[in-house]
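Numbering (my numbering), first residue to last: 24 to 570.
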């Protein structure tokens, strides 16, 4: 997710010139900061503004922030920590950078829509609307109500635009879904369209931009369905129809192939910030139980190939999950995330002495960071696997006027598992830093996939369909724990959970429903902050989408 950026929302921009200057200051080449000295105000091109937005989105997508790493993994049970974090459950960085991006997005849309040749900007407008909706909805899912409809307009020069009210989360959802619908319906392959040039996300593949917009429509409409099925239902039905003829075919996110020279160690606080030598993160028993048929420490019970991609053995070479919710904390030793474990340094086995429990795979802390690293896992926005699981849920439940169909649900579920297995296998295979437990081929064999699909812990059945769908969707979100947190809350806790010591889980993590707003909201937007929170900005307050 987004890391700290020392730009305050209300003081960042007052006039259009200052706004452009601020955005130019954040523009990057290949998302790496340029060190050219400041030379006064300048005019920003649409391409420069778009690149600046991408630079902030790159941080927004990055998982390195300690709040996600040290809290959201144990909250969602996608992993465990052997001691509750010393750092508080706070965010703020994503909020700051979203409100750095929002004025740029709004200014771009205003400029393009008011242009005499606005028709040539249809695709560009659609791209900006999709990215604005994506970022706004992800921020809203962390905080709840937020300034939106009147926010990000400080370029107007009016002081009234500096302190704006909070929109209800439902209103944010409806506004963003309207933007996604507009984009999905207006993207065009016309040769007259303006192009940003080197487009950082989907390489100007308009068909995939449509699929991306429709995939996000499906994700967010289904997220709000149990709270507002009247508005969500037609969006879900339409998105599924359009995705059937134009499916999402690849993972959407920041990739080295699309952005030459990109580093996933942005500002020195990227992937390695979580997977570093002080990390207490371990493989938890919840996920282990979905990857292995038994608890044999030699790994003979492991049937899911993702286990050895996500995690590794302990210091003794054994597979030992950390109890997800131990009655009392169990300490662990070793230094499994020390970068001296690189192949050209002390090697894989270094620093593992005293390491009792299986760790996150060491390569996650080096993938896309180590010098010369290529083929790194992208920073993921959405995967084809997730889209299949969303469709499977719709068919299993029979929602939004889409007829309930067990066979269609099973077909989408199997396609989702297959897409997930294929993607994560390819990640390890293509990464240049991967050595130990590296797959021998980019794509798992049909026999391997079929064996996993047939395992009793994975095999689809109509009685337990939703639990299976949510479990596999949750697994695929391994590198997006904020999405797993949303899935946990919007399904009312239907994602996998260890049943041992629920009181311990509740005490440490169960009350965490949202992030508090950054402190400067209460200081600089006091009246609107009080109207939104009643003066009590609590992490235990459930946001609107929570079931």
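Ideal Cβ placement from N, Cα and C applies to all residues, glycine included.
- With three or more CB-CB distances shorter than 8 Å, the segment 201-216 counts as touching the segment 237-245.
- Within its own chain, the residues whose Cβ lies closer than 8 Å to the Cβ of residue 144, once the five positions on either side in sequence are excluded, are 135, 136, 138, 216 and 217, listed in chain order.
- For residue 169, same chain residues with a beta-carbon under 7 Å away, outside a window of 5 residues either side, are 162, 163, 189, 190 and 195 in chain order.
- For residue 305, the beta-bridge partners assigned by DSSP are 103.
- A straight-line Cα-Cα distance of about 21 Å links residue 125 and residue 546.
- The continuous alpha helix (DSSP H) containing residue 153 extends over residues 145-166.
- Fewer than three pairs of CB atoms, one per stretch, sit closer than 8 Å, so the segment 311-319 makes no contact with the segment 430-450.
- The C-beta distance from residue 234 to residue 266 rounds to 7 Å, short enough to meet the 8 Å contact threshold.
- Comparing alpha-carbon positions, the option among 453, 445 and 149 lying closest to residue 468 turns out to be 445.
- Of all C-beta pairs linking the segment 281-288 to the segment 384-393, three or more are shorter than 8 Å, placing the two stretches in contact.
- Excluding the 5 residues flanking it on each side, residue 517 has same chain C-beta neighbours closer than 6 Å at 493, in chain order.
- Here the segment 368-380 makes no contact with the segment 245-256; the two share fewer than three CB pairs at distances below 8 Å.
- Only residues of its own chain outside the window of five on either side were considered, and among them 531 have a CB closer than 6 Å to the CB of residue 107, listed in chain order.
- Counting only runs of 4 or more residues that sit fully inside the segment 305-334, the alpha helix (DSSP H) segments are 308-314 and 329-333, in chain order.
- Straight-line spacing of the CA atoms in residue 544 and residue 323 works out to 53 Å.
- If one requires a minimum length of 3 residues, the beta strand (DSSP E) runs lying completely within the segment 362-408 are 402-405, in chain order.
- Looking at the backbone, the Cα of residue 114 and that of residue 548 are separated by about 18 Å.
- For residue 338, no beta strand (DSSP E) run applies, since DSSP gives it neither H nor E.
- In this structure residue 524 is not in contact with residue 281, their Cβ atoms being roughly 44 Å apart against a cut-off of 8 Å.
- One Cα belongs to residue 327, the other to residue 481, and the distance between them is close to 9 Å.
- Between residue 382 and residue 306, the C-beta gap is smaller than 8 Å, which places the two residues in contact.
- Under the criterion of beta carbons closer than 8 Å, residue 384 and residue 335 qualify as touching, at roughly 5 Å.
- With fewer than three CB-CB distances shorter than 8 Å, the segment 403-422 does not count as touching the segment 465-479.
- Sorting 316, 261 and 175 by C-alpha distance to the C-alpha of residue 236 places 261 at the top.
- Pairing residue 142 with residue 276, the inter-Cα distance amounts to about 28 Å.
- Counting the other Cβ atoms within 10 Å of the Cβ of residue 559 gives fewer than 16, which makes it exposed.
- Judged by DSSP in its simplified three-state form, residue 355 adopts coil rather than helix or strand.
- As computed with DSSP, residue 277 is found in a beta bridge with 402.
- Linking residue 294 to residue 131 through their CA atoms gives a straight-line distance of about 31 Å.
- Around the beta-carbon of residue 223, 16 or more other beta-carbon atoms lie within 10 Å, marking it buried.
- Cβ neighbours of residue 158 within its own chain (closer than 7 Å, five residues either side excluded): 80, 83, 121 and 124.
- If you compare the alpha carbons of 68, 76 and 103 with that of residue 520, the shortest gap goes to 103.
- Of the other Cβ atoms in all chains shown, 16 or more fall within 10 Å of the Cβ of residue 355; this residue is therefore buried.
- Sequence-distant Cβ neighbours of residue 317 in its own chain, meaning closer than 6 Å and more than five residues away, are 324.
- If you draw a 10 Å sphere on the C-beta of residue 561, you find fewer than 16 other C-beta atoms in it, and that means exposed.
- Taken atom to atom, the span from the alpha-carbon of residue 424 to that of residue 416 is near 13 Å.
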